[in-house]
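To start, the structure under review is shown below, and the notes come after it.
In our numbering, the protein residues as written are 638 to 942.
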């Protein structure tokens, strides 16, 4: 994994860092591509530049990010702040003039490095609830400026207290000699006992020599009741890792692959979202890590308990 700079970026709000949604969470037909920063259910809190740089882009739309600012930083990253209200006065004036000139409220503007430079901690906008937002918060992303891939902001060392282990609720078992779409997986409810999870019923029976698993799981941060998405999960065969996923980076051109990361047929029918620990054939984004091809649990016979 690349070395991400710790301590380079500050939290974009003058509040103790708290999130209401995590990077890589499951949404309808896409991953959640950033952190949703808690604003205590308030609007019009000051939002600050997380590091030195310049405002490279401003986009305003009725849905999506609503009012958003993109800042390019000299270390090769771009920070994004979305669902904002008014921008700082000079930028707001420029944007309003461009809206009148184009006779359009919707607008997508780019700026040269010298037009709107910012320093770390500079005020850039007020928080809001614009766009496709279901409550006041700031959607925050860090991207690779060159590739536009979205990186998990948690990799950059923000002081988000998290000493609570994830919760696993369900285990789904698949016969990978068949298409996962053409079968109903065996589903087991999990119950935590001490530091381990037990199945109900306690014995998993499989009738295939090639199987994979999917799980339904959530994670929580200290001081928050929100159940967020998990960062990683791996399948092990004894002491050997087989396959798993880790939410480090996702491109917007890959976000629809979510429907191949979950059991889409089951979710579309109203079932829970379970996340595959082994990639489906043809899965192309980078969240999966396999130590053996094809990343499945291979058994010596077709009946196993």
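Think of the CB as a built atom: it goes at the ideal place given N, C-alpha and C, for glycine as much as any other residue.
What you are looking at is a predicted structure, and each value in this text was computed from that prediction instead of being measured.
*Taking the alpha carbon of residue 920 as the point to measure from, which residue in 906, 833, 892, 727 has its own alpha carbon closest?*
Reading the chain shown from its first residue, position 283 is the one you call residue 920. Cα-wise, what sits closest to residue 920 is 892.
*Does DSSP classify residue 819 as helix, strand or coil?*
Position 182 of the chain shown, counting from 1, holds the residue named residue 819. Of the three classes helix, strand and coil, the one that applies to residue 819 here is helix, per DSSP.
*Beta-carbon separation of residue 712 and residue 693 under 8 Å?*
As a first step, residue 712 must be located in the chain shown, where it is residue number 75. As a first step, residue 693 must be located in the chain shown, where it is residue number 56. Taking 8 Å as the cut-off, the beta carbon of residue 712 is found no closer than this to the beta carbon of residue 693.
*Residues near residue 683 by beta carbon distance below 7 Å, same chain, minus five either side*: Taking the first residue of the chain shown as 1, we reach residue 683 at position 46. So the list reads 651, 760, 763, once near-sequence residues are dropped.
*Rounded to whole angstroms, what's the CA-CA distance from residue 766 to residue 773? Just pull it up for me.*
Stepping through the chain shown from its first residue, residue 766 is reached at position 129. Stepping through the chain shown from its first residue, residue 773 is reached at position 136. Approximately 5 Å, taken between the alpha carbons.
*asked:* Judging by CA-CA distance, which residue of 653, 664, 689 is the nearest neighbour of residue 911?
replied: The count along the chain shown starts at 1 and reaches residue 911 at position 274. Out of 653, 664, 689, 664 has the C-alpha closest to the C-alpha of residue 911.
*Do you know how far the Cα of residue 917 is from the Cα of residue 835?*
Taking the first residue of the chain shown as position 1, residue 835 is located at position 198. Taking the first residue of the chain shown as position 1, residue 917 is located at position 280. When rounded, the distance between both Cα atoms is 26 Å.
*asked:* Restricting to runs no shorter than 3 residues, where is the beta strand (DSSP E) found entirely within the region 748-821?
replied: 760-764, 774-781, 804-812
_Determine whether the beta carbon atoms of residue 849 and residue 934 lie at a separation below 8 Å._
Here residue 849 corresponds to residue number 212 of the chain shown, with the count starting at 1. Here residue 934 corresponds to residue number 297 of the chain shown, with the count starting at 1. The answer is yes: Cβ separation under 8 Å.
*Opening and closing residue of the alpha helix (DSSP H) in which residue 726 lies*: Here the question's residue 726 lines up with position 89 in the chain shown. Element bounds for residue 726: 726-739.
*asked:* Could you check whether residue 758 and residue 705 sit closer than 8 Å to each other, using their CB atoms as the reference points?
replied: The residue labelled residue 705 in the question sits at position 68 within the chain shown. The residue labelled residue 758 in the question sits at position 121 within the chain shown. For residue 705 and residue 758, no; Cβs fall outside 8 Å.
*Less than 8 Å between the CB atoms is what I'm expecting for residue 818 and residue 841, so what's the real figure, rounded?*
Here residue 818 refers to the residue found at position 181 when the chain shown is read from its first residue. Here residue 841 refers to the residue found at position 204 when the chain shown is read from its first residue. Residue 818 to residue 841, Cβ: 22 Å. No contact.
_Could you tell me the alpha carbon to alpha carbon distance between residue 913 and residue 899, rounded to whole angstroms?_
Locating residue 913 in the chain shown gives position 276, counting from the first residue. Locating residue 899 in the chain shown gives position 262, counting from the first residue. Taking the straight line from one Cα to the other gives about 6 Å.
*Cβ neighbours of residue 736 in the same chain (closer than 7 Å, five flanking residues each side left out)*: Locating residue 736 in the chain shown gives position 99, counting from the first residue. So the qualifying residues of the chain are 742, 744.
*From this set, 731, 655, 793, 719, which residue's C-alpha is nearest residue 702's C-alpha?*
Along the chain shown, read from residue 1 onward, the residue named residue 702 stands at position 65. With distances taken between Cα atoms, residue 702 lies closest to 719.
*Grab the span of the alpha helix (DSSP H) containing residue 896 for me, first residue to last.*
One-based indexing of the chain shown puts residue 896 at position 259. Per DSSP, residue 896 belongs to the alpha helix (DSSP H) from 895-898.
*Burial state of residue 725, where buried means 16 or more other Cβ atoms lie within 10 Å*: Indexing the chain shown from 1 puts residue 725 at position 88. By the 10 Å Cβ count, residue 725 comes out buried.
*Where does the unbroken alpha helix (DSSP H) through residue 904 begin, and where does it stop?*
The count along the chain shown starts at 1 and reaches residue 904 at position 267. 901-905 is the span of the alpha helix (DSSP H), which, as asked, contains residue 904.
*Below 8 Å between beta carbons: does that hold for residue 868 and residue 779?*
Here residue 868 is taken as the residue at index 231 of the chain shown, counted from 1. Here residue 779 is taken as the residue at index 142 of the chain shown, counted from 1. No, Cβ-Cβ distance for residue 868 and residue 779 is not below 8 Å.
*Do you know how far the Cα of residue 717 is from the Cα of residue 782?*
Taking the first residue of the chain shown as 1, we reach residue 782 at position 145. Taking the first residue of the chain shown as 1, we reach residue 717 at position 80. Rounded to the nearest angstrom, the two C-alpha atoms are 11 Å apart.
*asked:* Given this structure, state the Cα-to-Cα distance separating residue 654 from residue 881, to the nearest angstrom.
replied: Counting from one through the chain shown, the residue named residue 654 turns up at place 17. Counting from one through the chain shown, the residue named residue 881 turns up at place 244. C-alpha of residue 654 to C-alpha of residue 881: approximately 29 Å in a straight line.
_Span of the beta strand (DSSP E) around residue 872_ = For the purposes of this step, residue 872 is taken as the residue at position 235 of the chain shown. Element bounds for residue 872: 869-874.
*Find the nearest neighbour of residue 790 within the set 648, 859, 936, judged by alpha-carbon distance.*
What you label residue 790 is simply residue 153 of the chain shown in a count that begins at 1. Minimum Cα distance to residue 790 is reached at 648.
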